[in-house]
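Asker:
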Amino acid sequence: MTRGQREPAPGVYPVTFGEVELLRDLDRQDGWVLSKDGVPQSYVDLKDPTFLEFEYVRLIADVIDLLDEGPLSCLHIGGGACSIPRYVSATRPGSRHIVVEPDGLLVNLVREQLDLRSVPRLKVIVEGGRTGTGKVWDDTADLVVLDAFTGATMPVELATTEYMGDLARVLRPEGTLLVNLADGKGLAFARRLVATVTETFRHVVLLAEPGVLRGRRFGNLIVAASRAELPVDLLTRRAAGGLTQARCVHGEALTNFVAGAAPIRDGDHVLAPVPPPAVFG
24 MTRGQREPAP GVYPVTFGEV ELLRDLDRQD GWVLSKDGVP QSYVDLKDPT FLEFEYVRLI
84 ADVIDLLDEG PLSCLHIGGG ACSIPRYVSA TRPGSRHIVV EPDGLLVNLV REQLDLRSVP
144 RLKVIVEGGR TGTGKVWDDT ADLVVLDAFT GATMPVELAT TEYMGDLARV LRPEGTLLVN
204 LADGKGLAFA RRLVATVTET FRHVVLLAEP GVLRGRRFGN LIVAASRAEL PVDLLTRRAA
264 GGLTQARCVH GEALTNFVAG AAPIRDGDHV LAPVPPPAVF G
C-alpha cells in the first residue's frame, strides 16, 4: 500500500448497482477479493500486483507478456478492482490506462479501500462500455481489455459487431484486443462471440482450460485478436505450460470451433449464458 493508505476494511458496501463484498484472502496477508451477488469479481494483492489469483486473469497476462516490450497505452472496459491495470503498471512501468466503469460508487470504493491511487497514469471514465469507448480517441491504444460483467453475465451490447468496430477504431494497427467471456455446455455464446470478433479482426485465437473448451464445465474463455499477427506458437506453449494448462485454438481449429455460428449484431435477441448456482457454491 502507498504511504498513508489505510488498511482495507472487509464488509458489504453499497455501490451504484447494488452491493459488493470485500473479503480478505486468509492465505495471503495482502490479498483481497471483491465479490458481487456471491460472484468473485476481482482479486488484488496490494503488495504484489503481479500475483494473479484467477486462472482467466493469468491467461490475459500471458498474452500481455508476449506483446512488444515497453510501456503500453491501455483501454480497459470494465474496472472492478483494476487487477490488470495494476499488473501492467508493475510489469511495464510508464504504461497509461483508461478504465471505463459504469459504477461510480464502486470506483470510489476501490480507490479508498484498495489503493487505486497507487496505479500511476490511470484515468477512470464513469460510463457504460459503449458510451465510454465513444469518448476515447482513434488509434490511441496498444491494448484493449474487454472484461465487463453484470454479476456473472457479459452484457450482450458489448459483444456485437458494431461494438467490435468501435474497439478496432480505438486500437492502433498493431494493437491487441483481449475479451473475457464465460460460457458452459455447448458454448453457443462463445462460438457466436468468436464469429463476431473474426468479422473485424484478421488474427484471432481462443484460450481456455480444456474442460471449458469441451463444454464439460462452465468457465472463462479468453479471445485475443489483432489486425496484425499474433505470436501463436509462443501463446500455445505458454498457455500449455502455465498453471492453468490451457489450450490455444487458432486457424482451422478455430474455424471448426465457430462451426458457422452467426456474428452478433445490434438488435439480435441473444441471451448471455448464466452460470449454474454450483459454480460459485
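Just so we're aligned, residue 24 is where the sequence shown starts under the numbering used here, counting upward by one. Quick reminder that beta carbons are idealized off the backbone N, C-alpha and C, glycines included.
Going by the beta-carbon positions, is the gap between residue 167 and residue 194 smaller than 8 angstroms?
Answerer: Counted from its first residue, the sequence shown places residue 167 at position 144. Counted from its first residue, the sequence shown places residue 194 at position 171. Yes, they are a contact pair.
Asker: Does the ligand HEM have a heavy atom nearer than 7 angstroms to the CB of residue 140?
Answerer: Among the components modelled here there is no ligand, and therefore nothing to report on the ligand HEM.
Asker: Within its chain, find whatever has a CB closer than 8 angstroms to the CB of residue 4; leave out the 5 residues flanking it on each side and keep chain order.
Answerer: For residue 4 there is no data in the structure shown, the boundaries of the chain being 24 and 304.
Asker: Going along the chain, which residues of its own chain have a beta-carbon closer than 7 angstroms to the beta-carbon of residue 82, five neighbours each way excluded?
Answerer: Numbered from 1 along the sequence shown, position 59 holds the residue referred to as residue 82. Result list for residue 82: 230, 245, 262, 267 and 269, in chain order.
Asker: Closest by CA to residue 148, which one among 98, 273, 72 and 60?
Answerer: Numbered from its first residue, the sequence shown carries residue 148 at position 125. Nearest C-alpha to residue 148: 98.
Asker: Once you ignore the five residues that flank residue 164 on each side, which residues in its own chain have a CB closer than 7 angstroms to its CB?
Answerer: Within the sequence shown, numbered from 1, the residue matching residue 164 stands at position 141. The beta carbon of residue 164 lies closer than 7 angstroms to those of 96, 97, 98, 193, 194, 195 and 198 in the same chain, with the five residues before and after it left out.
Asker: I'd like the span of the beta strand (DSSP E) that includes residue 147, first residue to last.
Answerer: Here the question's residue 147 lines up with position 124 in the sequence shown. Start and end: 145 to 148.
Asker: For residue 45 and residue 33, which I take to be in contact (beta-carbon distance under 8 angstroms), what is that distance rounded to the nearest angstrom?
Answerer: Here residue 45 is taken as the residue at index 22 of the sequence shown, counted from 1. Here residue 33 is taken as the residue at index 10 of the sequence shown, counted from 1. Sure, about 5 angstroms apart at Cβ, within 8 angstroms.
Asker: Along the alpha helix (DSSP H) that carries residue 278, what are the first and last residues, could you check?
Answerer: For the purposes of this step, residue 278 is taken as the residue at position 255 of the sequence shown. Where residue 278 is concerned, the enclosing alpha helix (DSSP H) stretches over 274 to 281.
Asker: For a minimum of 3 consecutive residues, which ranges assigned as the beta strand (DSSP E) are wholly contained in the stretch 42 to 83?
Answerer: If we require 3 residues or more, the beta strand (DSSP E) runs fully inside the stretch 42 to 83 come out as 54 to 59 and 62 to 68.
Asker: Quick check on DSSP: helix, strand or coil for residue 38?
Answerer: Locating residue 38 in the sequence shown gives position 15, where the first residue counts as 1. It is a strand residue.
Asker: The alpha helix (DSSP H) that contains residue 106, what's its start and end?
Answerer: As a position in the sequence shown, residue 106 is number 83, starting the count at 1. Note, residue 106: alpha helix (DSSP H), 106 to 114.
Asker: Using C-beta distances below 7 angstroms, list every residue in its chain close to residue 296, excluding the 5 sequence neighbours before and after it, in chain order.
Answerer: As a first step, residue 296 must be located in the sequence shown, where it is residue number 273. Counting only Cβ-Cβ distances below 7 angstroms, and skipping sequence neighbours, we find 205, 206, 207 and 212.
Asker: Would you mind working out which of 141, 104, 144 and 109 sits nearest residue 126, comparing C-alpha positions?
Answerer: Numbered from its first residue, the sequence shown carries residue 126 at position 103. It is 104.
Asker: For residue 250, tell me which candidate among 289, 225, 274 and 264 has the shortest Cα-Cα distance.
Answerer: Taking the first residue of the sequence shown as position 1, residue 250 is located at position 227. It is 225.
Asker: When the Cα of residue 100 is compared with those of 190, 152, 135 and 175, which residue comes out closest?
Answerer: Taking the first residue of the sequence shown as position 1, residue 100 is located at position 77. Here the closest residue by C-alpha is 152.
Asker: Kindly indicate which residue of 252, 228 and 288 has the alpha-carbon position closest to the one of residue 315.
Answerer: With the chain running from 24 to 304 in the structure shown, residue 315 is simply not present.
Asker: Quick check on DSSP: helix, strand or coil for residue 204?
Answerer: What you label residue 204 is simply residue 181 of the sequence shown in a count that begins at 1. For residue 204, the secondary structure class from DSSP, reduced to helix, strand or coil, is strand.
Asker: Please report the residue range of the beta strand (DSSP E) in which residue 248 lies.
Answerer: Taking the sequence shown and counting its residues from 1, one reaches residue 248 at position 225. Start and end: 242 to 249.
Asker: Determine the contact status of residue 180 and residue 288, defining contact as a CB-CB distance below 8 angstroms.
Answerer: On the sequence shown, position 157 is the one that residue 180 refers to. On the sequence shown, position 265 is the one that residue 288 refers to. Not closer than 8 angstroms, so no.
Asker: For residue 119, write down the residues that DSSP places opposite it in a beta bridge.
Answerer: On the sequence shown, residue 119 is found 96 positions in, with the first residue counted as 1. In the DSSP output, where bridge partners are listed per residue, residue 119 has 96.
Asker: Out of 291, 154, 200 and 106, point me to the one whose CA is closest to residue 141's CA.
Answerer: In the sequence shown, residue 141 corresponds to position 118, counting from 1. Of the listed residues, the one whose Cα sits closest to residue 141 is 106.
Asker: What's the call for residue 52, buried or exposed, on a 16-neighbour Cβ count within 10 Å?
Answerer: Mapped onto the sequence shown, residue 52 falls at position 29. Looking at its Cβ environment, which holds fewer than 16 other Cβ atoms inside 10 Å, residue 52 is exposed.
Asker: In terms of residue numbering, what span does the beta strand (DSSP E) encompassing residue 126 cover?
Answerer: Within the sequence shown, numbered from 1, the residue matching residue 126 stands at position 103. Note, residue 126: premise wrong, no beta strand (DSSP E); not H, not E.
Asker: Tell me which residue opens and which closes the beta strand (DSSP E) that residue 165 is part of.
Answerer: Here the question's residue 165 lines up with position 142 in the sequence shown. Residue 165 -> beta strand (DSSP E) spans 164 to 169.
Asker: For a minimum of 4 consecutive residues, which ranges assigned as the alpha helix (DSSP H) are wholly contained in the stretch 177 to 237?
Answerer: 184 to 193, 211 to 223 and 233 to 236
Asker: From 115, 128 and 156, pick the residue whose C-alpha is nearest to that of residue 122; which is it?
Answerer: For the purposes of this step, residue 122 is taken as residue 99 along the sequence shown, with counting starting at 1. Nearest of 115, 128 and 156 to residue 122, Cα basis: 156.
Asker: Return the CA-CA distance between residue 174 and residue 87, expressed in angstroms with no decimal places.
Answerer: Indexing the sequence shown from 1 puts residue 174 at position 151. Indexing the sequence shown from 1 puts residue 87 at position 64. So the alpha carbons of these two residues sit roughly 25 angstroms apart.
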